[in-house]
Amino acid sequence: MNAKKEKIVWLKKSVLDMIMGEMNKWYPNETGGVLIGYWNENQITQLIDGGPNAVRSKTSFAPDHKYQVDVISQIYKLSNRTETYLGDWHTHPDSKAYLSSTDKKTFHKIATYKPARLSMPLMIIVGTKPLELKAWGHEFHRFLKRRNIELNFIVFD
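Each number in the numbering used here comes from the position in the sequence shown (counting from 1) with 391 added on.
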């Protein structure tokens with residue numbers, strides 16, 4: 392994969408609409424979920440919400456992990472193992488879209504979780520002041536170090 396391709400994430404319009412809908416539904420609390428799609432193309436095709444037992448507050452979000460794992464497994468099986476977990480997304484109400492120290496720690500956990508088998512996990516954060524959506528990839532860099540790189544979006548139907 393060339394360097395330019397690595398800096399792009401493809402986002403299905405229906406997923407973008409769902410993210411914005413979830414943000415509006417739970418505002419002023421944080422919310423989030425899971426990104427599903429094709430890992431070798433950085434293509435996000437589906438979204439899983441936080442789940443029925445997720446905990447949302449103005450400054451934090453904790454997903455319903457069991458619910459998310461069950462839905463990821465169903466999607467993976469129904470897609471003949473082609474669509475899979477790509478990473479997480481969440482909102483920052485009344486704030487910018489940025490990687491907080493907590494986000495960076497979570498991102499590192501995702502990147503080093505071997506069963507996920509992700510070469511570059513993704514994280515999308517939606518800020519509301521200003522309204523913006525940003526994405527990052529967590530990748531290996533020289534000398535086996537990891538780094539977060541900001542990605543550009545291409546929205547598709």
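Just so you know, even glycine gets a beta-carbon here, dropped at the ideal spot from N, CA and C.
From the DSSP output, which residues share a beta bridge with A526? Sequence index remark: in the sequence shown, residue 526 carries index 135 (1-based). BP columns for A526 point to I515 and L542.
What are the uninterrupted segments assigned as alpha helix (DSSP H) that are 4 or more residues long and contained completely in the stretch 396-479, given in chain order? Within the stretch 396-479, the complete alpha helix (DSSP H) runs of at least 4 residues are 404-417 and 456-469.
What does DSSP give as the partner residue(s) for L547 in the beta ladder? Counted from its first residue, the sequence shown places residue 547 at position 156. A small fix is needed here, since residue 547 is Phe in this sequence, not Leu. DSSP lists K403 as partners of F547.
From Y418 to T519, what does the alpha carbon distance come to, in whole angstroms? Working through the sequence shown from its first residue, we reach residue 418 at position 27. Working through the sequence shown from its first residue, we reach residue 519 at position 128. Each residue's alpha carbon lies about 9 Å from the other.
What did DSSP end up calling N393 once you bin it into helix, strand or coil? Along the sequence shown, read from residue 1 onward, the residue named residue 393 stands at position 2. Residue placement at N393 is flagged as unreliable, the pLDDT there being 42, under the threshold of 50; a coordinate-derived value is accordingly withheld.
Do T628 and V517 have their C-beta atoms closer together than 8 Å? Past the edges of the chain, shown from 392 to 548, lies residue 628, and the structure says nothing about it.
Here's the rule: buried if 16 or more other CB atoms are within 10 angstroms of the residue's CB, otherwise exposed. What is G423? On the sequence shown, residue 423 is found 32 positions in, with the first residue counted as 1. Result: buried.
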